[in-house]
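Structure first, then comments.
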Amino acid sequence: MADLSQKEWEEQLKADDNAFVLDVRTPAEFQQGFIRDASNIDIYLGQQFVSELEKLDKSKSYYVYCRSGARSGQACNIMKDMGFERAFNLQGGIMSWEGEVVR
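Just so you know, we're using the UniProt record's numbering here: the sequence shown kicks off at 1 and counts up by one.
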């Protein structure tokens, strides 16, 4: 797991043909706006969150974010414990995001 600045996260994401953008906020937060191509799995779902992660392809690179970077950091640690080798946390979350937001 790596914490990346927005610049690093965005550059790496653009260059990665095997990327998956994961938003771990609540569905209500997700509806307020999200980073393009993001899929939403709410970390607050507990065991159901883990069950949803188990369905994902571990060979992909996961670019994970939340509101401020705390929940996505937790999500990256959970993913690492589950055997995901490439999970990248967006430092500062969507609150610090200066790129496009889909509303």
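Backbone N, C-alpha and C fix where the C-beta goes; we use that ideal spot for every residue, glycine too.
On a predicted model such as this, the values are computed, not experimentally measured, just so you know.
Would you please state the rounded distance, in angstroms, between the beta carbons of residue i and residue j? I believe it to be under 8 Å.
| i | j | result |
| --- | --- | --- |
| Y65 | I35 | 7 Å |
Is residue i helix, strand or coil when you go by DSSP?
| i | result |
| --- | --- |
| F49 | helix |
| L22 | strand |
| D81 | helix |
| S72 | helix |
| L13 | helix |
When burial is assigned at 16 or more other CB atoms within 10 Å of the CB, is residue i buried or exposed?
| i | result |
| --- | --- |
| G33 | exposed |
| M1 | buried |
| R25 | buried |
| A70 | exposed |
Given 8 Å as the limit, tell me if residue i has its C-beta closer than that to any heavy atom belonging to the ligand PLP.
| i | result |
| --- | --- |
| R67 | Although the ligand PLP was asked about, the structure shown includes no ligands whatsoever. |
Inset, instruction - Taking 8 Å as the threshold, find out whether the region 11–20 comes into contact with the region 78–85 through three or more Cβ pairs. - result: Result no; under three Cβ-Cβ pairs closer than 8 Å.
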